[in-house]
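Number of protein chains: 2
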Amino acid sequence: MELTAATGVECLAVVGLGLIGGSMARDARANGFARRILGVDRNPENARRALELGLVDVLLPLDDAVSQADLTIIAIPVDAAIRAVSEILDKVGDHQVVTDVCSTKLTLMEAIRRHPRRSRFVGGHPMAGTEFSGPEAARFGLFAGKVGIVCDESDSAPDAVAKVEALYRALGMRIERFDAARHDMHVAYVSHVSHVISYALALTVLEKEKDENQIFNLASGGFSSTARLAKSSADMWTPIFLNNRENVLAVIDTYLGKLGELRNAIEQNDEARLRALMAAANDIRRVLR
Amino acid sequence: MELTAATGVECLAVVGLGLIGGSMARDARANGFARRILGVDRNPENARRALELGLVDVLLPLDDAVSQADLTIIAIPVDAAIRAVSEILDKVGDHQVVTDVCSTKLTLMEAIRRHPRRSRFVGGHPMAGTEFSGPEAARFGLFAGKVGIVCDESDSAPDAVAKVEALYRALGMRIERFDAARHDMHVAYVSHVSHVISYALALTVLEKEKDENQIFNLASGGFSSTARLAKSSADMWTPIFLNNRENVLAVIDTYLGKLGELRNAIEQNDEARLRALMAAANDIRRVLR
Numbered sequence: 003m004e005l006t007a008a009t010g011v012e013c014l015a016v017v018g019l020g021l022i023g024g025s026m027a028r029d030a031r032a033n034g035f036a037r038r039i040l041g042v043d044r045n046p047e048n049a050r051r052a053l054e055l056g057l058v059d060v061l062l063p064l065d066d067a068v069s070q071a072d073l074t075i076i077a078i079p080v081d082a083a084i085r086a087v088s089e090i091l092d093k094v095g096d097h098q099v100v101t102d103v104c105s106t107k108l109t110l111m112e113a114i115r116r117h118p119r120r121s122r123f124v125g126g127h128p129m130a131g132t133e134f135s136g137p138e139a140a141r142f143g144l145f146a147g148k149v150g151i152v153c154d155e156s157d158s159a160p161d162a163v164a165k166v167e168a169l170y171r172a173l174g175m176r177i178e179r180f181d182a183a184r185h186d187m188h189v190a191y192v193s194h195v196s197h198v199i200s201y202a203l204a205l206t207v208l209e210k211e212k213d214e215n216q217i218f219n220l221a222s223g224g225f226s227s228t229a230r231l232a233k234s235s236a237d238m239w240t241p242i243f244l245n246n247r248e249n250v251l252a253v254i255d256t257y258l259g260k261l262g263e264l265r266n267a268i269e270q271n272d273e274a275r276l277r278a279l280m281a282a283a284n285d286i287r288r289v290l291r
Numbered sequence: 003m004e005l006t007a008a009t010g011v012e013c014l015a016v017v018g019l020g021l022i023g024g025s026m027a028r029d030a031r032a033n034g035f036a037r038r039i040l041g042v043d044r045n046p047e048n049a050r051r052a053l054e055l056g057l058v059d060v061l062l063p064l065d066d067a068v069s070q071a072d073l074t075i076i077a078i079p080v081d082a083a084i085r086a087v088s089e090i091l092d093k094v095g096d097h098q099v100v101t102d103v104c105s106t107k108l109t110l111m112e113a114i115r116r117h118p119r120r121s122r123f124v125g126g127h128p129m130a131g132t133e134f135s136g137p138e139a140a141r142f143g144l145f146a147g148k149v150g151i152v153c154d155e156s157d158s159a160p161d162a163v164a165k166v167e168a169l170y171r172a173l174g175m176r177i178e179r180f181d182a183a184r185h186d187m188h189v190a191y192v193s194h195v196s197h198v199i200s201y202a203l204a205l206t207v208l209e210k211e212k213d214e215n216q217i218f219n220l221a222s223g224g225f226s227s228t229a230r231l232a233k234s235s236a237d238m239w240t241p242i243f244l245n246n247r248e249n250v251l252a253v254i255d256t257y258l259g260k261l262g263e264l265r266n267a268i269e270q271n272d273e274a275r276l277r278a279l280m281a282a283a284n285d286i287r288r289v290l291r
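Respectively, the protein sequence lines represent chains A and B. Mapping of the first sequence onto the working numbering: residues 3 to 291, in sequence order. Mapping of the second sequence onto the working numbering: residues 3 to 291, in sequence order.
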């Protein structure tokens, strides 16, 4: 997509130079969305690597970066984002915009509900990622063709929403608007619980490895694709599960019920029932090509 | 790898022209392992497509194909393989070899334990596949770089083992030898249970879709990689789970315990415990690159 100076920003601040923040910085620079990119990371090693990799132009303390930036992206784990967001909003004026990239939205929105600068904040969730983390994991084109969610847009100033949507379009994303509560419920189903069950699978096989140290010799492609999410950062995912606790628990409980049905059909040698459950699950072919 | 006529066979029969049988036929032809490939499939539509796609040279009834072939590959679901294997062995002489590709081995080996031609059979498990099925799913190079397992090789004649291992090498596989019981336990951990949990995930989200018909709009790459196995053929996987019932149930039960630990840490808002569990699961990075 063509970008004009009018849709981009002069100065972009990225708080948190990991997989998501770093990838956004890469693309924002590459496609000219931002002229100048300010980096903030409280981990000095990450900050240094991000600068070396050219993800950002300069490293600054949080306050300085936010004060200078037209648009600030908060790209840190959701618990840290909730702790930082009010203080960040305190620093911005009438023409500056703050957004985030967190995978749960309701608790973060609650944290700033009465903030005097609430309208300068736009809740965002670019639905892209990999199981890797840190500035080295930042990739060009990570967001291309993915969904970028803008949450509770009626609580944000229209110019602020427009700025964030321009960023998403510049990254090649298709924009969807959701309210925060509905967003959190949906992602519990189609993202968060996939991670929970992958962590549980990894723990299961790693425990067996203590007795059978060759257990991974026969690991298949099916195992890899199911267990790869268990490589995901515990620092990022712990607060996601806890901030989306009610939804995640509800989905885990439904999931335990379904797994129990499969288990019982196997235990009872009930071939017809087992086949029927799996044939019903095959309907996922309609969704996953 | 270089193939010579000496390592290959004049006539190969493939019983079951689906993903695995079809892919073996493709490669065996392409690399010159077999001069002539006889196809058997009781589904006339599959048989016709396999012939059209050039996977096999000719379609024959089971008995005719087995009688003519130097090597017969049984590539049908394990329940059907168990029903067919004795009858197939009845047809072979002292210089013919029969092998299979099934993902569970012990029940099949039991079925022929006392068969007078037992030594002409070699239990095999080429550890490769995709979530697709049928002759259209057959792919060149599916087995390259994968593990090919030969089970209970001491129950087979050395020349029969050598023939199957030559086939595996011709397909680019690395050969591992296992006893059937140990094989079945290992694959329960690193293959079968990945499929069970994927089917359960698909059922969970498909059920939610009845109320929330946009639920898949936000489906992420993480969901796709965890749920894709749920596309796998119910006809193939139902008998796998039932033939490996004890092992699969044991792993599901360990898995339910691990998932329960994660669930309880989330329910109790126990951040330290949750983080510790996920950090332990991260050790899977050692295995999955």
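Note that CB positions come from ideal geometry on N, CA and C, so glycine has one too.
- Taking the Cα of B:Trp239 as reference, the smallest distance to any Cα among A:Ala281, A:Arg288 and A:Glu178 is reached at A:Ala281.
- An exposed status is given to A:Asp92, since fewer than 16 other beta-carbon atoms sit within 10 Å of its beta-carbon.
- Against chain B, a Cβ distance below 8 Å from A:Val149 picks out Asn219 and Leu220.
- Its Cα nearest to that of B:Val192, the residue A:Thr228 stands out among A:Thr228, A:Val152 and A:Gly18.
- Proximity of B:Gly224 to chain A, defined by a Cβ-Cβ separation below 8 Å, is satisfied.
- For A:His127, the enclosing beta strand (DSSP E) covers residues Phe123 to Pro128.
- Residue-level contact by beta carbon holds for B:Asn271 and chain A, with a gap shorter than 8 Å.
- A distance of 8 Å or more separates the beta carbons of A:Ser156 and A:Ile114.
- Put simply, the backbone Cα of A:Met26 is about 47 Å away from that of B:Pro79.
- Residue contact with chain A for B:Met280: present (Cβ-Cβ distance below 8 Å to some residue of chain A).
- Three or more Cβ pairs closer than 8 Å define a contact, and the region 208 to 219 of chain A falls short of that threshold against the region 178 to 195 of chain A.
- In this structure, B:Ala236 lies near A:Arg277, with their beta-carbon atoms less than 8 Å apart.
- A residue is called buried once 16 or more other Cβ atoms fall within 10 Å of its Cβ, and B:Pro63, having fewer, is exposed.
- For A:Ile254, the nearest CB of chain B lies under 8 Å from its own CB, placing it at the interface with that chain.
- Close to A:Arg247, with beta-carbon spacing below 8 Å, are these residues of chain B in chain order: Ile268, Glu269 and Asn271.
- By the C-beta criterion, the region 48 to 61 of chain A is judged not to be in contact with the region 100 to 118 of chain A, since fewer than 3 inter-stretch pairs fall below 8 Å.
- Shown here, B:Ile242 sits in a helix according to DSSP, grouped into three states.
- Residue-level contact by beta carbon fails for A:Asp213 and chain B, as no gap is shorter than 8 Å.
- Residue contact check for A:Val207 against chain B: a CB pair falls below 8 Å.
- If you draw a straight line from the Cα of B:Val124 to the Cα of A:Asn33, it comes to about 58 Å.
- Taking a cut-off of 8 Å on C-beta distances, the region 97 to 105 of chain A touches the region 123 to 140 of chain A, as three or more cross pairs fall below it.
- Around the beta carbon of A:Gly23, a 10 Å sphere encloses 16 or more other beta carbons of the protein chains shown; the residue is thus reported as buried.
- Under the three-state reduction of DSSP, B:Arg37 is assigned to strand.
- For the region 81 to 92 of chain B, the beta-carbon criterion of a distance under 8 Å to any beta-carbon of chain A is satisfied by none of its residues.
- The C-beta distance from B:Asn249 to B:Ala190 rounds to 4 Å, short enough to meet the 8 Å contact threshold.
- Cβ-Cβ separation between B:Leu251 and A:Arg265: approximately 7 Å, consistent with a contact (criterion under 8 Å).
- Neighbourhood of B:Thr228 in chain A, by CB distance below 8 Å: Ser196, Ile199, Ser200, Ser227, Thr228 and Leu231, in chain order.
- Nearest Cα to B:Ile286 within the set A:Gly20, A:Phe134, A:Leu14 and A:Arg120: A:Phe134.
- Membership of B:Arg28 in the alpha helix (DSSP H) is indicated by the continuous run Leu21 to Ala32.
- The beta-carbon of A:Ser193 is placed less than 8 Å from the nearest beta-carbon of chain B.
- Listed in chain order, the alpha helix (DSSP H) runs fully inside the region 80 to 105 of chain A are 80 to 92, counting runs of at least 4 residues.
- The DSSP-derived three-state label of A:Gly147 is coil.
- Shown here, A:Ile217 sits in a helix according to DSSP, grouped into three states.
- In the structure shown, B:Ile78 falls within a coil segment according to DSSP collapsed to helix, strand and coil.
- In the structure shown, the three-state DSSP call for B:Ile199 is helix.
- Cα atoms of B:Leu14 and B:Asn245: separation of roughly 27 Å, rounded to the nearest angstrom.
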